[in-house]
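>
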Ligand SMILES: NC(=O)c1ccc[n+]([C@@H]2O[C@H](COP(=O)([O-])OP(=O)(O)OC[C@H]3O[C@@H](n4cnc5c(N)ncnc54)[C@H](O)[C@@H]3O)[C@@H](O)[C@H]2O)c1
């Protein structure tokens, strides 16, 4: 049984990944800064007959990575797949962002992937495992007032490519670029914003968390054994036209 570590798995796309990997027989470390949410997802998985724990992990904190590593190694649960999905975003043009806000966004959204590899490169390498990072169409396009998010998501694409070279041939590393996906991130948007987001996709709707999770699961599986360093759009066609 593989142990799959997913960050930011208490909600949205990460939670969908946790449910999907567990349903396929993986042991899932459902990690999140929101421990209660992670524990709830893990309980739901176990109630359905799967294997999972809910674990605290603030991906911006190196000590938290070390604590989780110790706990998992003690339990002989060595992650061989890592899904780096957590993010943190503060809206505002660059000069409005404090140094602290800027650093925290990059730390959570980008440097967390460095920490994941730093912490678990040995378990990934030994098992010929893989990593899937969650970027965004925002890594290749720009919208207003999200400079750190854009920098982090763009950085994830090049970092993925770099890690895929440095850890080859043992570890595959890939990245997905979701478009507009119906998670709580859209809860506070008005009808007009939702309608625009739907129209921007050639498929004329927002995606579901499960439609991203299934691509992540594919990339993490044997069916993708010859895919590494790849960036995969999961955007309903948004970047083909960006029609409004
Ligand atoms: N929803 C979209 O439209 C969309 C579009 C493109 C990319 N994405 C990407 O998908 C990923 C998941 O987003 P989502 O829409 O499911 O959001 P979400 O808010 O539902 O989930 C994000 C999760 O990250 C966790 N998190 C935040 N800070 C953390 C930290 N420091 N350490 C650990 N966990 C932390 C949150 O608690 C939450 O559970 C993100 O990387 C996001 O950038 C989402």
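In the working numbering, the protein residues as written are 40 to 283.
C-beta atoms are modelled at their ideal positions from N, C-alpha and C, and glycine is treated no differently.
Shortest alpha-carbon distance to residue 246 belongs to which of 270, 229, 231, 276?
Counting from 1 along the chain shown, the entry for residue 246 is found at position 207. Of the candidates 270, 229, 231, 276, the one whose C-alpha sits nearest the C-alpha of residue 246 is 276.
> Once you ignore the five residues that flank residue 148 on each side, which residues in its own chain have a CB closer than 8 Å to its CB?
On the chain shown, residue 148 is found 109 positions in, with the first residue counted as 1. Within the same chain, residue 148 has close Cβ partners 125, 126, 127, 128, 187, 188, 191, 192, 195.
> Got a sec? Which residues, its chain only, sit under 8 Å from residue 104 by beta carbon, not counting five neighbours each side?
Looking up residue 104 in the chain shown gives position 65. Excluding residues within five positions, the ones whose Cβ falls inside 8 Å are 96, 98, 154, 155, 157, 158.
> Would you mind working out which of 52, 217, 274, 100 sits nearest residue 144, comparing C-alpha positions?
Here residue 144 refers to the residue found at position 105 when the chain shown is read from its first residue. Checking every option, the nearest Cα to that of residue 144 belongs to 100.
> What do you reckon, is the C-beta of residue 115 under 7 Å from a heavy atom of ligand 1?
Mapped onto the chain shown, residue 115 falls at position 76. Answer for residue 115: no, Cβ out of range of ligand 1.
> Between which two residues does the alpha helix (DSSP H) carrying residue 253 extend?
Taking the chain shown and counting its residues from 1, one reaches residue 253 at position 214. That run of the alpha helix (DSSP H) goes 248–258.
> For ligand 1, is there any heavy atom lying closer than 7 Å to the beta carbon of residue 244?
As a first step, residue 244 must be located in the chain shown, where it is residue number 205. Not so, every heavy atom of ligand 1 lies at least 7 Å from the Cβ.
> Taking only the alpha-carbon atoms, compute the straight-line gap between residue 250 and residue 272 and give it to the nearest angstrom.
Along the chain shown, one-based indexing puts residue 250 at 211. Along the chain shown, one-based indexing puts residue 272 at 233. One C-alpha to the other measures close to 12 Å.
> Would you list, in sequence order, the uninterrupted alpha helix (DSSP H) runs of no fewer than 4 residues that lie entirely inside the region 91–118?
List check, alpha helix (DSSP H) in window: 101–113.
> Give me the residue from 225, 238, 280, 214 with the minimum Cα distance to residue 258.
Translated into the one-based positions of the chain shown, residue 258 becomes position 219. Selected option, being the one with the closest Cα: 214.
> Taking the alpha-carbon of residue 264 as reference, which of 131, 146, 120 has the nearest alpha-carbon?
Start at 1 with the first residue of the chain shown, and residue 264 comes out as number 225. Closest option to residue 264, Cα to Cα, is 120.
> Could you check which residue in 232, 217, 117, 67 has the C-alpha nearest to that of residue 176?
If you number the chain shown from 1, residue 176 lands on position 137. When only C-alpha atoms are compared, the closest one is 217.
> Assign residue 267 to buried or exposed, taking buried as 16 or more other Cβ atoms, counted over all protein chains shown, within 10 Å of its Cβ.
Here residue 267 corresponds to residue number 228 of the chain shown, with the count starting at 1. Classification for residue 267: buried.
> Rounded to whole angstroms, what is the Cα-Cα separation between residue 135 and residue 198?
In the chain shown, the residue the question calls residue 135 occupies position 96. In the chain shown, the residue the question calls residue 198 occupies position 159. Rounded to whole angstroms, residue 135 to residue 198 spans 27 Å at the Cα level.
> Checking 8 Å against the spacing of the C-beta atoms, do residue 230 and residue 274 come in under that value?
One-based indexing of the chain shown puts residue 230 at position 191. One-based indexing of the chain shown puts residue 274 at position 235. No.
> State the CB to CB distance for the pair residue 219 and residue 236, rounded to an integer number of angstroms; the pair is presumed to be in contact (CB under 8 Å).
Start at 1 with the first residue of the chain shown, and residue 219 comes out as number 180. Start at 1 with the first residue of the chain shown, and residue 236 comes out as number 197. Contact holds; Cβ gap of about 4 Å.
> Which whole runs of the beta strand (DSSP E) in the region 192–220 are 3 residues long or more, in chain order?
Qualifying beta strand (DSSP E) stretches, in chain order: 211–217.
> Measure the C-alpha to C-alpha separation of residue 138 and residue 178 and round it to an integer number of angstroms.
Counted from its first residue, the chain shown places residue 138 at position 99. Counted from its first residue, the chain shown places residue 178 at position 139. Going by the C-alpha atoms only, they are around 21 Å apart.
> DSSP state of residue 140, grouped into three classes?
What you label residue 140 is simply residue 101 of the chain shown in a count that begins at 1. Three-state DSSP puts residue 140 in a helix.
> Please report the residue range of the alpha helix (DSSP H) in which residue 42 lies.
Translated into positions along the chain shown, residue 42 becomes position 3. Counting along the chain, residue 42 falls outside any alpha helix (DSSP H), though it belongs to the beta strand (DSSP E) covering 42–45.
> Rounded to whole angstroms, what is the Cα-Cα separation between residue 106 and residue 71?
In the chain shown, counting from the first residue as 1, residue 106 sits at position 67. In the chain shown, counting from the first residue as 1, residue 71 sits at position 32. Between residue 106 and residue 71, the C-alpha separation is close to 14 Å.
> For ligand 1, is there a heavy atom less than 7 Å away from the beta-carbon of residue 217?
Indexing the chain shown from 1 puts residue 217 at position 178. Checking every heavy atom of ligand 1 against the Cβ of residue 217, one is found closer than 7 Å.
> Taking the alpha-carbon of residue 49 as reference, which of 93, 232, 59 has the nearest alpha-carbon?
Position 10 of the chain shown, counted from the start, is the residue given in the question as residue 49. Of the candidates 93, 232, 59, the one whose C-alpha sits nearest the C-alpha of residue 49 is 93.
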